[in-house]
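In what follows, a single structure is set out as structure tokens and then discussed.
Numbering (my numbering), first residue to last: 5 to 94.
What follows is the structure, given as structure tokens:
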């Protein structure tokens with residue numbers, strides 16, 4: 005797939021959850037030279053996602069759902085992902 009890892013993650017998460025808010029923040033520069041930095045500039049990310057699909061899930065279930073939606077990206081192509089997943093406020 006062409007494009008950045010962030011763009012690929014955005015597409016996967018939009019397809020899986022139809023979020024009301026989605027931010028994918030590339031934190032790789034903060035980890036330059038640290039463990040897991042492969043030099044690609046796409047090794048560490050923070051995902052902030054808000055979606056109605058998370059309404060009935062606890063924090064752990066939300067994180068597992070996001071990781072599952074990302075497929076092989078986490079652990080294979082990206083070293084670390086911080087996830088802040090929530091449901092929209094009522």
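Think of the CB as a built atom: it goes at the ideal place given N, C-alpha and C, for glycine as much as any other residue.
DSSP-derived helix/strand/coil call for residue i
{"i": "residue 11", "result": "helix"}
{"i": "residue 6", "result": "Bear in mind that the predicted position of residue 6 carries a pLDDT of just 48, short of 50, making it unreliable; the figure below should be weighed with that in mind. DSSP places residue 6 in coil when its eight states are reduced to three."}
{"i": "residue 57", "result": "helix"}
Start and end residues, alpha helix (DSSP H) containing residue i
{"i": "residue 70", "result": "63-73"}
Residue interval of the beta strand (DSSP E) (run including residue i)
{"i": "residue 27", "result": "25-30"}
{"i": "residue 85", "result": "84-90"}
C-alpha gap between residue i and residue j, whole angstroms
{"i": "residue 24", "j": "residue 15", "result": "14 Å"}
{"i": "residue 89", "j": "residue 29", "result": "14 Å"}
{"i": "residue 71", "j": "residue 59", "result": "17 Å"}
{"i": "residue 93", "j": "residue 9", "result": "29 Å"}
Rounded distance between the beta-carbons of residue j and residue i, thought under 8 Å
{"i": "residue 17", "j": "residue 73", "result": "6 Å"}
Near the ligand SAH: residue i beta-carbon under 8 Å from a heavy atom
{"i": "residue 71", "result": "Absence of the ligand SAH is noted for the structure shown, with no ligands found whatsoever."}
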